[in-house]
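Chemist: Each residue of the sequence shown is one higher than the one before, starting from 92 at the first, in this note's numbering. We put the CB at the ideal spot given by N, CA and C, even for glycine.
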Amino acid sequence: MKAGVKFPPINIGTIKTAEDPEALYLIDGLHRLKAYKMLDVKEVEVEIKHYESFNEAFHDSVRRNITHGQPFTAYEVAGVIKRLLEEGRDLVYMATLLQMTLDDVKKFIDERLVEVEENVYEVVKEPVRSVKHRITSSKIAEEQRGLTGISQIKLVGDIVKIIEIGLLDVDNKKLMNRLENLYDLLKTLFSKT
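1. According to DSSP, is Glu147 part of a helix, a strand, or is it coil?
2. Ignoring anything shorter than 4 residues or poking outside the stretch 114-138, list the alpha helix (DSSP H) runs there in chain order.
3. Alpha carbon to alpha carbon, how far is Phe163 from Leu277?
4. Quick check: the Cα distance between Asn175 and Asp260, rounded to an integer number of angstroms?
5. Out of curiosity, what's the CA-to-CA distance linking Val168 and Ile200?
6. Which of the three DSSP states is assigned to Ile254 in this structure?
7. Starting from Ile106, follow its DSSP beta bridges and name the residues at the other end.
8. Within 10 angstroms of the Cβ of Ile250, are there 16 or more other Cβ atoms? Answer buried if so, exposed if not.
9. Quick one: grab the DSSP three-state call for Glu209.
10. Is the beta carbon of Asn179 less than 9 Å from the beta carbon of Ile139?
11. Using 10 angstroms around the beta-carbon of Gly248, count the other beta-carbons present and answer buried if the total reaches 16, otherwise exposed.
12. With H, G and I counted as helix, E and B as strand and the rest as coil, what does DSSP make of Val214?
13. Within the same chain, show all residues whose beta-carbon is closer than 7 Å to that of Tyr127, passing over the 5 residues directly before and after it, in chain order.
14. Give me the residue from Ile254, Pro100, Asp111 and Glu110 with the minimum Cα distance to Leu124.
15. For Asn268, report the span of its alpha helix (DSSP H) as first-last.
16. When the Cβ atoms of the stretch 204-216 are set against those of the stretch 180-191, are three or more pairs found closer than 8 Å?
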C-alpha cells in the first residue's frame, strides 16, 4: 500500500433478512481495511452488493476470499465445510465454492469433522486418521477444545469478530439459542463483579 499499489475495492453488502436490511456488512477486504486504518486513509473504494440472506453473503465471502489474499488454514476450511454441511449443501457445491476436489472435501469431512448430533458438527484441530480414532473423535474434539488461557481469549475474540463484521448467522435457531444462553450467563457473571 505504501508503495502506491492499487488494491481491489473493499466489498460490503446489505442483507435483506437482517434485522436492519440497510446495515452494511463487510464481505471481503478485512486485511485491506485494517491496513487503510493503520495508514489513516480517509477514503477507500468500495463495492456494495445486496444479498437475500446471511448464507448468501457468507458464500460470496468464501468465494472471494478463496481466490486471493491470505489463504484459509485447514481449520478454517473445515469450519466452512461444517457450516455448509449444516446448511444441507452437497459435496459438489462445497468443492466448487472452495475450489477443491471432491476427494479433498470428503477427506476434510472424514478427518476434521465430528458429527456430535444429527446434522451438528464440531471441527477438530488435528486430523482424525483412522476408524479407531473416529469412534472416539468426540472425546478428541472435547480435549482439543481445552478452553484455558489463550484459547479462551481466542474463542471470545473470534465470537466478537464474527459479530463485528456481520457474519453471525442470525437465521440459525440453534446458534441464536446458544447465544441467548451465553448472554444470560454473562449477565449473571457480571452482576457478581
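Modeler: Looking at the coordinates:
1. The sequence position of residue 147 within the sequence shown is 56, counting from 1. If DSSP states are grouped into helix, strand and coil, Glu147 belongs with the helices.
2. Qualifying alpha helix (DSSP H) stretches, in chain order: 121-129.
3. Residue mapping note: residue 163 aligns to position 72 of the sequence shown, counting from 1. Residue mapping note: residue 277 aligns to position 186 of the sequence shown, counting from 1. Spanning the two alpha carbons is a distance of roughly 31 Å.
4. Translated into the one-based positions of the sequence shown, residue 175 becomes position 84. Translated into the one-based positions of the sequence shown, residue 260 becomes position 169. As written in the sequence, residue 175 is Leu, which differs from the Asn given in the question. Leu175 and Asp260: Cα-Cα distance of roughly 12 Å.
5. Your numbering for residue 168 matches position 77 in the sequence shown. Your numbering for residue 200 matches position 109 in the sequence shown. Looking at the two C-alpha atoms, the distance is approximately 10 Å.
6. Against the sequence shown, residue 254 aligns to sequence position 163. Shown here, Ile254 sits in a helix according to DSSP, grouped into three states.
7. On the sequence shown, residue 106 is found 15 positions in, with the first residue counted as 1. Looking at the DSSP assignment, Ile106 forms a beta bridge with Tyr142.
8. Within the sequence shown, the letter at position 159 stands for residue 250. Ile250 should be labelled exposed.
9. For the purposes of this step, residue 209 is identified with residue 118 of the sequence shown, where counting begins at 1. Secondary structure at Glu209: coil, using DSSP grouped into helix, strand and coil.
10. Locating residue 179 in the sequence shown gives position 88, where the first residue counts as 1. Locating residue 139 in the sequence shown gives position 48, where the first residue counts as 1. Reading off the sequence, residue 179 comes out as Gly, not Asn. Against a cut-off of 9 Å, the Cβ pair of Ile139 and Gly179 comes out as no contact.
11. The sequence position of residue 248 within the sequence shown is 157, counting from 1. Gly248 comes out exposed.
12. Locating residue 214 in the sequence shown gives position 123, counting from the first residue. Looking at Val214 - three-state DSSP - the assignment turns out to be strand.
13. Here residue 127 refers to the residue found at position 36 of the sequence shown. The answer, listed in chain order, is Val135.
14. Within the sequence shown, the letter at position 33 stands for residue 124. When only C-alpha atoms are compared, the closest one is Pro100.
15. Residue mapping note: residue 268 aligns to position 177 of the sequence shown, counting from 1. Judged by DSSP secondary structure, Asn268 falls within the alpha helix (DSSP H) whose first and last residues are Lys264 to Lys283.
16. Verdict: no, contact absent.
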